[in-house]
Structures are given as C-alpha cells and as structure tokens.
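Residue numbers (UniProt numbering): 1 to 504.
Ideal placement from N, C-alpha and C gives every residue a C-beta, glycine not left out.
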Amino acid sequence: MRNHTFSDRLGVILDQRGLKQADLVRMAAERGKKLGKSQVSQYVSGKVTPRRDVLELLTSILGVEEDWLDGTNPAAEPALAPIFTPAPPSQDPTQRSTAMREFKKSSKLENVLYDVRGPVVDEAARMEAEGQRILKLNIGNPAPFGFRTPDEVVSDMRQQLTDCEGYSDSRGLFSARKAIMQYAQLKNLPNVDMEGIYTGNGVSELIQLCMQALLDNGDEILIPSPDYPLWTACATLAGGTPVHYLCDEDAGWYPDLADMESKVTPRTKALVIINPNNPTGAVYPREVLEEIAELARRHQLMIFSDEIYDRLCMDGEKHVSIASLVPDLFCVTFSGLSKSHMVAGYRIGWMVLSGNKRCARDFVLGINMLSNMRLCSNVPAQSIVQTALGGYQSVERYVEPGGRILEQRDYVYEALNAIDGVTAVKPKAAFYIFPKIDAKKFNITDDEQFALDLLHEKRILVTRGGGFNWDKPDHFRVVYLPRMGVLHECMEDLADFLSDYRQA
Ligand SMILES: Cc1ncc(COP(=O)(O)O)c(C=O)c1O
C-alpha cells in the first residue's frame, strides 16, 4: 500500500494532479497564503507533517477530502474535485497571447534544501527593509562581526593584483598549491603531490564539483546528521542519494558508528565527515577517526573530510586529519581561508587528494574535466594563500584563553544551559553551538515556526535544526560571532521569550 503516510498520500495526489512542489507554493500564494519551498519539500520527503491550518490549505489547493489527506479515513478514495487550471493559450496565430510564458526552475532542484539562507532569513530581510533591527545569530561570516583579515594578507593581495589578471592553471597557482602541499605535509597527509591539489572558489565550489564527478543517479553517500547542508544539497543535485548517519548528542556529538554501519548498502560510494563540525562544534578524537577509517576500509568507501575549521580548535584540542590515518584508502580533504583568515568574501578554498589514488583514477579524470570547465578559481584570492598559511597565525589569539571566540563560546554555552528547557553540548571548535530545546515543554512541532516566532517577537535570527538535516524539531543553531554586548542581549531576550513560549 503506497499511501499509508502523509508524504505517500501527498505524493499520490501530486502525481494524479500532475503538480510539482513549486506548484503548491505558487497556488498557496495565489490564495494569499505563504507556503515555503522547504516546508513543502519536508512534507514530501516525510520529514515533517503539516499543522492543521496548513493541512486545510493543502486540502483546498489539492481538492481532496481532508480526512483522506490527514489519514483519519484511509479507506476513502482521494475524491478529486476539479481544481483551477489556467486555460491553454490561444492557438490562433493572428491573436497575440497576453499571458507571458512562465520560466520554472528545473525539477533537479525539487528536493534541494539550503535553509542557512532560507525563508526565515527572507523574512528577516523583509523586516530589516522596514527599518527593524535584527540580531543575527545565523551565519558564519566573521568579517561583519569585527574579525579582521590580517593586514599582511590584504597588503599582499593588493601588491599582486596586477599579476592576477589572467586565468591561472585550472588547479591553481603554483605558489598557492605549494603552500597547501606543505600544510598537508604538516598534517601528515600521505601520498600528496601537486597534481592532487585543487583550489576553488571556496570549499563550496569543490564540494559541488566532487559530488558531480562521483555520483550517478541513485548512488548513495553517507552524510552526517546534523550536517553542513551544502553536502546534502550538492549530493542531491548531482542525482545521488544522501543517507544521513546520526551524530550522537549524548556522546559529545561524535558519529554513531553503529548507525553509520547500518546505513551502508551496496550502492554506498563514499562517506563524508565534517571535522571540526558545523553545526555542533565537535572535534573528533583520533580513536573515533580510527573507527570511521576502519568502517570505510571494510566497505571500500571513498572518504570526504571537510576540515575548514581545523585552525579554530579550543581547549587544547589537537586536530587530526582522517587522511593521515588512511594511506591505504582514497581520501579528499577540504579546507580554506574563509574562517581561519576571516576572508570568507575572497572565496578561496582547496581540496587535497591523498592515499590510494590508484583506485580513483577515473574519478580524478572527472575532477580534472570539471576543474578545467570552470577554468580556474579566483586568482587574486589564490595569490594570498602562501602568505596566509605561513608564519604567524593571528587566528590562534581568538581561540586561546582571553580570546574573543573562546570567551564568547564560554558565555553562550553557560547562558543557554541556564535557560529552563534548553541544553547544549560545549563546542570544542569553530563558532557554532547546536542547542536542544525541550520540544515537549514548549510543544514545538515545527522548528521553522519556532525560528519565525523568535524572529517576530525578539528580532533574533537563528537557523532551525531542520536546516541541518536534523529530523526532529528540537534544535537550532546559534552563531556566537557577534560581540559580547549583542550576545548578552540575545541570550536575555531568548530566555525571556522561552519563559512563556508554547507553540500553538
Ligand atoms: C563545514 C563547512 N564547509 C564548507 C563551508 C563553505 O566554506 P567556503 O567559504 O570555503 O565555501 C562552510 C561554510 O560555512 C562550512 O561551515
């Protein structure tokens, strides 16, 4: 029986009606109602079921009986009532059509989710345009919060600008790749050569490139939950099937190995780890990495390790690259300057291929083709990699005792845990914390609504847990980059908001 869950029934009716998810969003808007793209995508994927008012809206849009759609009367047939469809354009060539052709986005984007810049952020932008002041705890972009790029980096880019007018080699400038290679040596990455180092317009571009190069339709890739959602989005867009393994909050947010193992199938090609992690701030110890490596070895999986926060570890944590533990496996390690050197806007990241390259020869041909097709990454930004990676690292000052990031982490961690109904694991790196809200106490069934309510009532912008492919409505992410004064204001307002919040 195909229609025993809400998402099944919704799928059946969309098929019968010949409607796409985007049509639901449009038809709701035509009725003056707001239905977010990500909301619909979550209903279709079965992650969330709609609240009563949304159910009524869907019932009326789809022209079905409510008790069929909500499953209270599963025996009933969907009973299709006619729904409004626009008349086809006139075929008379002498008559000019008045209706403009509508250009829809490709269906490839149907299940792609990127809520870090999603509907709640759109609502915040609308409120800002009205003149309201929004306290932003939603995006990991250090520069606007007063984290300055080291002067030497800026001055070196200025000096080299006139030498950076042409395209570079598609992998990147020799000087940049040499510096990345030396950094890879310091992190003990095995079997690295200059050919296996690629610069990108941020790690973002390279994640996209790897997913396109590796995944055929239906190929599976293990991705953490919660994740940095670009991984899931790019795997989906490439036609792959992201399969989420759990990171366990009760175990300091380390990956749950048993869960990971249980999700491996004959179609699994690769596994992704994000270490240090966004959104949890976890740093995986060597023993955990060894276990992950062993699992990858058992199932012959390619490893992608996103290490963009590796220079932002606190409390004496020493970052270990998983690639250093797997000389016998093929591994791709990602990093960049966006976070460690506060130059997220310059767009410079890289990936390093290491370990057993023999088993990945064909994949590398694919990578080379895609890398050539994009010509090269931003050359002025490549020109500062050597300066940035060598010598004194000013980022260390931020994460040692007395440093801004560490002090702000400590304050936010304490303040969140002091709120009745909120608990949070202490992050060990980066600048994110992923607190849990007692969904029962606050009756939270929809985390997007929670984020919207907080925005409307206190003008605080956070990202809902669902935006990180977390499947329960009981988490949200806080970026603790704003200055202490702003963080104080936010935490006090959040405590006040939660003192009497109950979702309707
Ligand atoms: C885990 C993770 N990977 C990759 C990125 C993208 O970084 P880039 O600026 O290099 O594209 C981010 C950005 O927030 C991130 O958190």
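{"Query": "List the endpoints of the continuous beta strand (DSSP E) containing I419.", "Result": "Segment: none, I419 is in no beta strand (DSSP E) and carries neither H nor E."}
{"Query": "Assuming A388 and H341 are in contact, meaning their beta carbons sit under 8 Å apart, how far apart are those beta carbons, in whole angstroms?", "Result": "5 Å"}
{"Query": "Apart from the five residues on each side of it in sequence, which residues of its chain come closer than 7 Å, Cβ to Cβ, to C490?", "Result": "L135, L137, I460"}
{"Query": "Where D362 and H475 are concerned, what is the direct C-alpha to C-alpha distance, given to the nearest angstrom?", "Result": "40 Å"}
{"Query": "Find the nearest neighbour of K108 within the set N217, V116, I180, judged by alpha-carbon distance.", "Result": "N217"}
{"Query": "Measure how close the beta-carbons of C331 and G355 come, nearest whole angstrom, since I'm counting them as under 8 Å.", "Result": "5 Å"}
{"Query": "Among D328, A238, R286, which one has its Cα closest to the Cα of S106?", "Result": "A238"}
{"Query": "Please state if the CB of I223 and the CB of V479 are separated by a distance shorter than 8 Å.", "Result": "no"}
{"Query": "Taking 6 Å as the limit between beta carbons, can you name the residues of its chain near Y398, skipping five residues before and five after?", "Result": "R404, I405"}
{"Query": "Jot down the residue ranges of each uninterrupted beta strand (DSSP E) in the stretch 226-272, minimum 3 residues, whole runs only, in chain order.", "Result": "241-248"}
{"Query": "For the stretch 3-23 against the stretch 40-48, are there 3 or more C-beta pairs whose distance is under 8 Å?", "Result": "yes"}
{"Query": "Would you say Q408 and L487 are within 8 Å of each other, going by their C-beta atoms?", "Result": "yes"}
{"Query": "Apply the 10 Å Cβ neighbour rule to E249 and answer buried if 16 or more other Cβ atoms are within range, or exposed otherwise.", "Result": "buried"}
{"Query": "Within 10 angstroms of the Cβ of A430, are there 16 or more other Cβ atoms? Answer buried if so, exposed if not.", "Result": "buried"}
{"Query": "Can you give the Cα-Cα distance for R502 and V395, rounded to whole angstroms?", "Result": "41 Å"}
{"Query": "Should D493 and K441 be called a contact, given that it needs their Cβ atoms to be closer than 8 Å?", "Result": "no"}
{"Query": "Can you list, in chain order, the residues of its chain whose CB lies under 6 Å from that of P327, leaving out five sequence neighbours each side?", "Result": "P190, G355"}
{"Query": "Suppose you measure from the CA of C234 to the CA of L271; what does that come to, to the nearest Å?", "Result": "14 Å"}
{"Query": "What does the Cβ neighbour count give for T149, buried or exposed, with the cut at 16 atoms within 10 Å?", "Result": "buried"}
{"Query": "Could you tell me which whole beta strand (DSSP E) segments of length 3 or greater appear in the stretch 418-485?", "Result": "476-479"}
{"Query": "Does the stretch 435-450 come into contact with the stretch 187-204, if we say contact requires no fewer than three beta-carbon pairs (one atom in each stretch) closer than 8 Å?", "Result": "no"}
{"Query": "Do the CB positions of I273 and I292 come within less than 8 Å of each other?", "Result": "yes"}
{"Query": "When you compare only the Cα positions, how much space is there between A87 and A99?", "Result": "Legend: pLDDT at A87 = 47, less than 50; position of this residue unreliable, value from coordinates given subsequently. When rounded, the distance between both Cα atoms is 10 Å."}
{"Query": "Hey, quick one: how far does the beta strand (DSSP E) through M351 stretch, first residue to last?", "Result": "349-355"}
{"Query": "What distance in whole Å lies between the Cβ atoms of A360 and M314, which are believed to be in contact at a cut-off of 8 Å?", "Result": "Incorrect: roughly 34 Å between the Cβ atoms, too far for contact."}
{"Query": "Put T333 into one of helix, strand or coil per three-state DSSP.", "Result": "strand"}
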